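Enquirer: If you're matching positions, the sequence shown starts at 9 in the numbering used here and goes up one per residue. Backbone N, C-alpha and C define an ideal beta-carbon position, used for all residues, glycine too. Computed from a prediction, not measured in an experiment: that's the story for all the values here.
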Amino acid sequence: MNLSSLVLLLTMLGLGYGCARGKALPDNAADTLNRFVIYVSLPALVLQLLPKLRWEPGLYVLVLTPWLLLAVGAGCVLLAARWFGWSRQVLGALLLCVPLGNTSFLGFPLLTALLGPQSVRFGVLYDQLGSFLIVSTYGLYVLARFSGEAVPSAASVARRVLRFPPFMALCAGLLVAWTGWQYPPALSALLSRVGDTLVPLAMFAVGLKLQLRPPKQYAALAFGLGVKLVALPLCALGLVRALGAAALPAKVAVLEAGMPAMITAGALAMLAGLAPELSAALVGYGIVLSLVTVSAWARLLG
């Protein structure tokens, strides 16, 4: 465990939470920081790290795992909803928040702290080819299906994906890796400096958004947190061992699988009126609990 990275993570999270409670910043501060991270920090990090990635057969587990866990997570939610008789709003919130993990804003900082900065390049594959594509396809479908909106067309989804800056950087980074081109030293240093802003800014923004209000749907909250933080990473562990994945990519896949609910998924659920208190609690309590559970998974993996 990289203690200095963990201290930075917790400090920025606490500062963000404190600034939000003290009303020290404008209400849209978190959204502004998130936009900077998405449009500037994350693309720079992707362009910096991906050319260093050398494709090997074991890396496919980073792409396969999130899609398989999507089926597992959504299936568990549908079965539990039928068993407990949850409302349509609760079902929609869980379908968004349980399968979709916070694999970038929280995932990259935690990977850096627990596995070292070299692990983030594997996390980029899991996040961009897994989580991002899932929220852009499955996530939009669930949102439309349960909020009464029109289901987005395949063309609109494709445009959304292709215009997303980190995905564009992913494609460019893979091209650079394939050609073997080396960045000029000045460009490499620039990408490194800009990419380094991701961890502190993302964690500060997460702290600004952190909410810890218990909802009325206690059973749904407990179920969602249990599946997201325990069951899904356990499934990922069984999968990477069955496939014989390489050590570091396997660890990244398990830890990313154990990340709490995606902030974007929770925000979309709240905006659509899908059990807003439950959605906020899944994100907020998930972030706090994941600092313990993800660290425990890292220790288990060795």
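Quick one: Cα of G181 to Cα of W94, how far?
Expert: 44 Å
Enquirer: Please say whether L50 and R129 have beta carbons closer to each other than 7 Å?
Expert: no
Enquirer: Do L240 and L77 have their CB atoms nearer than 7 Å?
Expert: yes
Enquirer: Would you mind listing the alpha helix (DSSP H) stretches within the segment 133-208 that are 4+ residues and don't spill past its ends, in chain order?
Expert: 148-155, 162-170, 173-187, 193-203
Enquirer: In the segment 31-57, which residue ranges form an unbroken alpha helix (DSSP H) of at least 4 residues, counting only runs that do not cross its ends?
Expert: 37-44, 50-57
Enquirer: Does the distance from the CB of L276 to the CB of L151 come in under 7 Å?
Expert: By the CB criterion at 7 Å, L276 and L151 fall inside the cutoff.
Enquirer: Please state whether DSSP places A322 in a helix, a strand or coil.
Expert: Outside the displayed span of the chain (9 to 310) sits residue 322, for which this structure offers no information.
Enquirer: Three-state secondary structure (DSSP) at A254?
Expert: In this structure, A254 counts as coil in the three-state DSSP scheme.
Enquirer: Just to confirm before moving on: does the CB-CB distance between G274 and C105 stay below 7 Å?
Expert: yes
Enquirer: In or out: W189 buried (at least 16 other Cβ within 10 Å) or exposed?
Expert: exposed
Enquirer: So, is S164 buried or exposed, given that buried needs 16 or more other C-beta atoms within 10 angstroms?
Expert: Result: exposed.
Enquirer: Answer yes or no: do P284 and L70 have a C-beta to C-beta separation smaller than 7 Å?
Expert: no
Enquirer: Would you mind sorting D135 into buried or exposed? The rule is 16 or more other CB atoms within 10 Å of its CB.
Expert: buried
Enquirer: Since A230 is in the alpha helix (DSSP H), which residue starts that stretch and which ends it?
Expert: 226-234
Enquirer: May I have the straight-line CA-CA distance separating L1 from P192, to the nearest angstrom?
Expert: In the structure as shown, the chain starts at 9 and stops at 310, and residue 1 therefore has no counterpart that could be examined.
Enquirer: Could you say which of G131, A162, K224 lies nearest to N110 if we only look at CA atoms?
Expert: G131
Enquirer: How should P107 be labelled, buried or exposed, when 16 other C-beta atoms within 10 angstroms of its C-beta is the threshold for buried?
Expert: buried
Enquirer: Pick helix, strand or coil for G266, following the three-state DSSP scheme.
Expert: coil
Enquirer: Evaluate N36 with the Cβ neighbour count: other Cβ atoms within 10 Å of its Cβ, from every protein chain shown; 16 or more gives buried, anything less gives exposed.
Expert: Note on N36: under 16 other CB atoms within 10 angstroms of its CB, so exposed under the neighbour-count rule.
Enquirer: Look at L229 and A289 and say whether their C-beta atoms are less than 7 Å apart.
Expert: yes
Enquirer: If distances are taken between C-alpha atoms only, which option among V98, G138, A244 comes closest to K224?
Expert: V98
Enquirer: Going by the beta-carbon positions, is the gap between A269 and V291 smaller than 7 Å?
Expert: Yes, the Cβ-Cβ distance between A269 and V291 is below 7 Å.
Enquirer: With a threshold of 6 Å on Cβ separation, who are the neighbours of V260 within its own chain once the five nearest residues in sequence on each side are excluded?
Expert: Here the set comprises S127, F130, G131.
Enquirer: Can you check DSSP and say which residues form a bridge with G109?
Expert: A269
Enquirer: Tell me whether S298 sits in a helix, a strand or coil according to DSSP, three-state version.
Expert: helix
Enquirer: Are the segment 78-92 and the segment 246-255 touching, with three or more C-beta to C-beta distances below 8 Å?
Expert: no
Enquirer: With 16 other CB atoms within 10 Å as the buried threshold, where does G156 fall?
Expert: exposed
Enquirer: Does the separation of the CB atoms of F154 and G232 fall below 7 Å?
Expert: One thing to note: F154 has its Cβ no nearer than 7 Å to the Cβ of G232.
Enquirer: Which one of P125, P59, V48, G24 has the shortest CA to CA distance from V184?
Expert: P59
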